[in-house]
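Enquirer:
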């Protein structure tokens, strides 16, 4: 999904006028949604037996997640801060809130990095995750009731706060609000309690094909606001959840080299998501490439820089948190 979002941003940088009937545009929005769902699911599988009644367990969990997220995010934020050239007092405050991650609680829409809002939301979800596990350990039905409340809030945003007759920029601060996103993460956590074993049946290619057909031919057009409001919001959310469940529960057998390729892309996806706007801007400032050359060189450059980032900065802090 990070690759899809990167491609979409590069096309936008080059003057693409988006129409949400396209698969790239749909994934530009719902790629983040799918990430939230998958994040909740995988964390649940790892920590569902963890005793979060101990405060020390919360601290250990939050330390590990902070060491995974904040180092690269802080570095990219500092680079963007310098490149923007605005060193006013208010921007300094925003910088401090960003590199500490506190903007996720204190100022959710005060971010400097392209896509930084989604990282802030993820940090916010991490704070609540131990509570979800603790709640489910008492009663999965009780957690289901909380999930139903979050779905109600999610639907309220879709029908009564975000409107399809407004532009995405007009809806943006409401769309990225943590309360409009947390259902996605919580639904992944809830699903994690029922995804204990993966199917060994290899005859499920039709599921992958079916999911992709639904994404490609889902009938919607116009501005992005069309797919973040009303019934389209709910239907595409259901499709996002199904996508995660199908790809997770029914793994596709792949040749070893392709599996390793996807594994590597998964490892560097966080870097791809954060670094691609910077790579594009720096290459564009050289003013030596045609648009087509800039597009492809930026993709290759992003993949290379992200690979280096993962195997140096990111892995170092992952190990440090253990």
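Numbering (UniProt numbering), first residue to last: 1 to 322.
From the three backbone atoms N, C-alpha and C, an ideal C-beta is built for every residue, glycine too.
Given a threshold of 16 other Cβ atoms within 10 Å of its Cβ, counted over all protein chains shown, does residue 138 qualify as buried or as exposed?
Expert: As a first step, residue 138 is located in the chain shown; it is residue number 138 there, counting from the start. Residue 138 comes out exposed.
Enquirer: Alpha helix (DSSP H) containing residue 292: first to last residue?
Expert: As a first step, residue 292 must be located in the chain shown, where it is residue number 292. Looking at the DSSP string, the run of the alpha helix (DSSP H) that includes residue 292 is 291-309.
Enquirer: Determine contact between the stretch 115-126 and the stretch 51-70, defined as no fewer than three beta-carbon pairs at a distance below 8 Å.
Expert: At 8 Å Cβ cutoff, the stretches touch.
Enquirer: For residue 319, which three-state DSSP category applies?
Expert: Position 319 of the chain shown, counting from 1, holds the residue named residue 319. The answer is helix: DSSP assigns residue 319 an H, G or I state.
Enquirer: Suppose the cutoff is 6 Å on Cβ atoms and the five residues either side in sequence are ignored; what does the same chain contact list for residue 219 look like?
Expert: Translated into the one-based positions of the chain shown, residue 219 becomes position 219. Excluding residues within five positions, none has a Cβ falling inside 6 Å.
Enquirer: Should the stretch 268-277 be regarded as contacting the stretch 298-317, the criterion being three or more beta carbon pairs within less than 8 Å?
Expert: Enough Cβ pairs lie closer than 8 Å, so yes.
Enquirer: Is DSSP giving residue 107 helix, strand or coil here?
Expert: On the chain shown, position 107 is the one that residue 107 refers to. Residue state, collapsed to three classes: coil.
Enquirer: From the DSSP output, in three-state form, read off residue 83 for me.
Expert: Here the question's residue 83 lines up with position 83 in the chain shown. Three-state result, residue 83: helix.
Enquirer: Give a yes or no on whether the C-beta atoms belonging to residue 192 and residue 41 are separated by under 7 Å.
Expert: Here the question's residue 192 lines up with position 192 in the chain shown. Here the question's residue 41 lines up with position 41 in the chain shown. Contact flag set, yes.
Enquirer: For residue 240 versus residue 34, is the C-beta distance shorter than 7 Å?
Expert: Within the chain shown, the letter at position 240 stands for residue 240. Within the chain shown, the letter at position 34 stands for residue 34. In contact: residue 240 and residue 34 (Cβ atoms closer than 7 Å).
Enquirer: For the stretch 228-247 against the stretch 150-166, do three or more pairs of beta-carbon atoms, one drawn from each stretch, fall closer than 8 Å, so that the two count as touching?
Expert: The stretch 228-247 vs the stretch 150-166: in contact.
Enquirer: By a C-beta neighbour count over all protein chains shown, 10 Å radius and 16 as the cutoff for buried, is residue 2 buried or exposed?
Expert: Looking up residue 2 in the chain shown gives position 2. Buried, because 16 or more other Cβ atoms sit within 10 Å of the Cβ of residue 2.
Enquirer: Give a yes or no on whether the C-beta atoms belonging to residue 302 and residue 272 are separated by under 7 Å.
Expert: The residue labelled residue 302 in the question sits at position 302 within the chain shown. The residue labelled residue 272 in the question sits at position 272 within the chain shown. A contact, by the Cβ cut-off of 7 Å.
Enquirer: I need the DSSP call for residue 249, collapsed to helix, strand or coil.
Expert: Here residue 249 refers to the residue found at position 249 when the chain shown is read from its first residue. Three-state DSSP puts residue 249 in a helix.
Enquirer: Could you tell me the alpha carbon to alpha carbon distance between residue 44 and residue 190, rounded to whole angstroms?
Expert: Taking the first residue of the chain shown as position 1, residue 44 is located at position 44. Taking the first residue of the chain shown as position 1, residue 190 is located at position 190. Whole-angstrom Cα-Cα distance: 8 Å.
Enquirer: Please list, in chain order, all residues of the same chain as residue 53 whose beta carbon is under 7 Å from its beta carbon, the five residues on each side excluded.
Expert: The residue you call residue 53 lines up with position 53 of the chain shown. If we look at residue 53 and ignore the five residues flanking it on each side, its Cβ neighbours are 134.
Enquirer: Starting from residue 91, trace the alpha helix (DSSP H) both ways and give me its first and last residue.
Expert: Stepping through the chain shown from its first residue, residue 91 is reached at position 91. 89-100 is the extent of the alpha helix (DSSP H) around residue 91.
Enquirer: Along the chain, where does the alpha helix (DSSP H) that runs through residue 180 open and close?
Expert: One-based indexing of the chain shown puts residue 180 at position 180. Here residue 180 belongs to no alpha helix (DSSP H), and DSSP marks it neither H nor E.
Enquirer: Straight-line CA distance for residue 58 to residue 49?
Expert: Walking along the chain shown from the start, residue 58 turns up at place 58. Walking along the chain shown from the start, residue 49 turns up at place 49. Each residue's alpha carbon lies about 13 Å from the other.
Enquirer: What residue does the alpha helix (DSSP H) around residue 218 start on, and which one ends it?
Expert: As a position in the chain shown, residue 218 is number 218, starting the count at 1. Taken as a continuous stretch (DSSP letters only), residue 218 belongs to no alpha helix (DSSP H), as it is neither H nor E.
Enquirer: When you compare only the Cα positions, how much space is there between residue 162 and residue 181?
Expert: Residue 162 sits at position 162 when you count from the first residue of the chain shown. Residue 181 sits at position 181 when you count from the first residue of the chain shown. Cα-Cα distance, rounded: 13 Å.
Enquirer: Look at the alpha carbon of residue 98 and the alpha carbon of residue 291, and state the distance between them as a whole number of angstroms.
Expert: Here residue 98 refers to the residue found at position 98 when the chain shown is read from its first residue. Here residue 291 refers to the residue found at position 291 when the chain shown is read from its first residue. Cα to Cα, the separation comes out at about 32 Å.
Enquirer: Would you check if the stretch 112-121 and the stretch 75-95 touch, i.e. whether three or more CB-CB distances between them fall below 8 Å?
Expert: Verdict: yes, contact present.
Enquirer: Count the other C-beta atoms from every protein chain shown that fall within 10 angstroms of the C-beta of residue 27, then say buried if there are 16 or more, exposed otherwise.
Expert: As a working note, residue 27 is residue 27 in the chain shown. Buried, because 16 or more other Cβ atoms sit within 10 Å of the Cβ of residue 27.
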